[in-house]
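In what follows, a single structure is set out as structure tokens and then discussed.
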Amino acid sequence: MSPIIRTRITTMLNCKYPILLPGMSWISTPELVAAVSNAGGVGILATGPLNAQETKDAIHKIKQLAPGKTFGIGATLLMPGAEENAKVALDEGVPLINVSLGKPDWICKAAHAYGGKVLCTVVNKKHAGKAVESGADALMVTGHEAAAHGGDVTSLVLVPSIADRFPEIPIVAAGGFANGRGLAAALTLGADAVAMGTRFATTVESPLAEQTKLTISNPIKDENETIYGSNFDGIPARVLKSPAAIEATKRRTPFPIVCYRAFEAARGMGIPLWKVIPGLLTQFDKMYAVAQFGAATEAIMAATVHGDLEKKGVQFVGQCQGLVEDIPTVDELVQRIANEAAVVAQENAARFGSNISDHNQISDERRFGT
993 MSPIIRTRIT TMLNCKYPIL LPGMSWISTP ELVAAVSNAG GVGILATGPL NAQETKDAIH
1053 KIKQLAPGKT FGIGATLLMP GAEENAKVAL DEGVPLINVS LGKPDWICKA AHAYGGKVLC
1113 TVVNKKHAGK AVESGADALM VTGHEAAAHG GDVTSLVLVP SIADRFPEIP IVAAGGFANG
1173 RGLAAALTLG ADAVAMGTRF ATTVESPLAE QTKLTISNPI KDENETIYGS NFDGIPARVL
1233 KSPAAIEATK RRTPFPIVCY RAFEAARGMG IPLWKVIPGL LTQFDKMYAV AQFGAATEAI
1293 MAATVHGDLE KKGVQFVGQC QGLVEDIPTV DELVQRIANE AAVVAQENAA RFGSNISDHN
1353 QISDERRFGT
């Protein structure tokens, strides 16, 4: 029998388990999102590679595959096309909007009008404070261990730090979580849920290229086999250590090449160049990072879609890849994580003795969201 895990996130999002799939480009597709939501968690659709019509179609497909289940969409507002995709999600009444790299106030207002919730991705207290001021319902606190663009501080310190600073806001911990022990640890640190990207990417339902799945889940490799730096896509990011990644992260790509590749990527995604050029001229630093990220699209797709890790493919991955040693179905994984977390919690409670409740001052509201 599956354990009952009650937190402010499970109450807020009406889900069985405090386990989320974050939006990962070319991985968090409608099929994987629906699988996670059907298994009792909450899946978040990656909209970065999608235009407005594709986002609308994807939302409809999720609703068809996971009727009545809570799901979300990601909106990285700094990126071209993100605002349009967010507006589509709001028009469709998507239950959860995960906002990053941008001010979410207008999204919060629109989502709250129909009962939706806004989850803001943050990497420090400053960002967390601004998100709370803008009306965010919850925070996805992303530590240094995470795949792609995590913060400078590890989850072990960042999660309790932000939990203490904003005790009224539910927290989803991201970065370094891949099993039940991680979930139990996150709840102990003050989080109300975990987001597991690398772990869900290596499941049966995940569209990640099979060769890339096998590489990540190979028991021989360990947690040290990642590279962290800003040379690849312009923003400090963690990627899987591979021949192609080593070459791609050696040095920063020259600006003319970045612009050319970014414009090609925008064209391939149906984004008009007039939406990219003005920002490049008026907000050079921000848009250069966006352009460099766009230029990295080809390498990301090579690894994620085609499984090429040798010649030009670069795969975002978290340090928790050292904990991934199999490729289960989503439902098997969620049940395993929930059961393991329950066992760990019981074992830890036993270590403190039978009178632990005498010293427990955590309120029911903080623990259960009631």
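Residue 1047 in this note's numbering sits at position 55 of the sequence shown; the count goes up by one each step and never skips.
Yeah, the Cβ is synthetic: ideal placement off N, Cα and C, and Gly gets one too.
On a predicted model such as this, the values are computed, not experimentally measured, just so you know.
For residue i, is the classification buried or exposed, using 16 other Cβ atoms within 10 angstroms of its Cβ as the cut-off for buried?
i: L1111; result: buried
i: L1206; result: exposed
i: S1355; result: Unreliable placement is indicated for S1355, whose pLDDT of 49 sits below 50; the coordinate value is still reported in the next sentence. When all chains shown are included, S1355 counts as exposed.
i: C1306; result: The identity of residue 1306 in the sequence shown is Val, whereas the question assumes Cys. Result: buried.
i: D1300; result: buried
i: P1059; result: exposed
i: R1343; result: exposed
i: A1236; result: buried
i: H1141; result: buried
i: E1339; result: exposed
i: A1170; result: buried
i: K1101; result: exposed
i: I1154; result: buried
i: I1212; result: exposed
i: E1197; result: buried
i: T1180; result: exposed
i: N1216; result: exposed
In whole angstroms, what is the alpha-carbon distance linking residue i and residue j?
i: L1057; j: N1090; result: 20 Å
i: N1006; j: A1337; result: 22 Å
i: Q1045; j: P1199; result: 21 Å
i: A1123; j: P1096; result: 7 Å
i: R1173; j: G1182; result: 15 Å
i: T1146; j: N1116; result: 11 Å
i: W1018; j: P995; result: 32 Å
i: V1149; j: T1134; result: 11 Å
i: I1051; j: M1293; result: 22 Å
i: H1119; j: L1070; result: 15 Å
i: K1303; j: K1233; result: 13 Å
i: G1033; j: I1329; result: 11 Å
i: L1037; j: C1312; result: 21 Å
Between which residues of its own chain and residue i is the CB-CB distance below 6 Å, once the five residues before and five after are set aside?
i: S1364; result: With the chain covering only 993 through 1362, there is no way to say anything about residue 1364.
i: G1189; result: P1014, M1016, A1139
i: F1192; result: L1013
i: N1194; result: Rather than Asn, the amino acid found at residue 1194 in this sequence is Thr. Result list for T1194: K1205, I1208, S1209, V1316, I1319, in chain order.
i: A1074; result: A1067, T1068
i: A1026; result: I1054, L1057, A1058
Please work out which residues of its chain come closer than 8 Å, Cβ to Cβ, to residue i, disregarding the five sequence neighbours upstream and downstream, and give them in chain order.
i: P1162; result: T999, R1000, I1001, M1004, D1129, A1130, L1131, D1184, A1185, G1361
i: E1160; result: none
i: M1298; result: Correcting the residue identity first, residue 1298 is His in this sequence and not Met. Around H1298: A1201, G1305.
i: S1126; result: K1095, P1096, D1097, C1100, C1112
Start and end of the beta strand (DSSP E) containing residue i?
i: K1242; result: Looking at the DSSP string, K1242 is not in any beta strand (DSSP E), and its letter there is neither H nor E.
i: N1090; result: 1088-1092
i: L1109; result: In the sequence under discussion, the amino acid at residue 1109 is Lys, which differs from the Leu named in the question. Where K1109 is concerned, the enclosing beta strand (DSSP E) stretches over 1109-1114.
i: E1034; result: One point to set straight first is that residue 1034 is Val, not Glu, in the sequence displayed. Unbroken beta strand (DSSP E) run through V1034: 1034-1037.
i: T1068; result: 1063-1068
Does any heavy atom of the ligand FMN sit closer than 6 Å to the C-beta of residue i?
i: A1078; result: Of ligands this structure carries none, so the ligand FMN is not represented either.
Start and end of the alpha helix (DSSP H) containing residue i?
i: T1296; result: 1289-1296
i: L1057; result: 1044-1057
i: K1303; result: Looking at the DSSP string, K1303 is not in any alpha helix (DSSP H), and its letter there is neither H nor E.
i: I1099; result: 1097-1105
i: L1024; result: 1022-1030
i: V1336; result: 1322-1343
i: L1005; result: 1000-1005
i: L1082; result: 1074-1083
To which residues of the same chain is residue i closer than 7 Å at the C-beta, ignoring the five residues directly before and after it?
i: Y1106; result: G1085
i: H1351; result: With a pLDDT of only 49 at H1351, under 50, the local geometry of the prediction cannot be trusted, and the value read off the model is given with reservation. There are no such residues.
i: D1323; result: A1031
Open item on the list: I'd like the ranges of any beta strand (DSSP E) spanning at least 3 consecutive residues and lying wholly in the region 1125-1182.
Closed with: 1130-1134, 1163-1166
TODO: Could you pull out every unbroken alpha helix (DSSP H) segment of at least 4 residues lying fully inside the region 1180-1228, listed in chain order?
DONE: 1189-1193, 1202-1208
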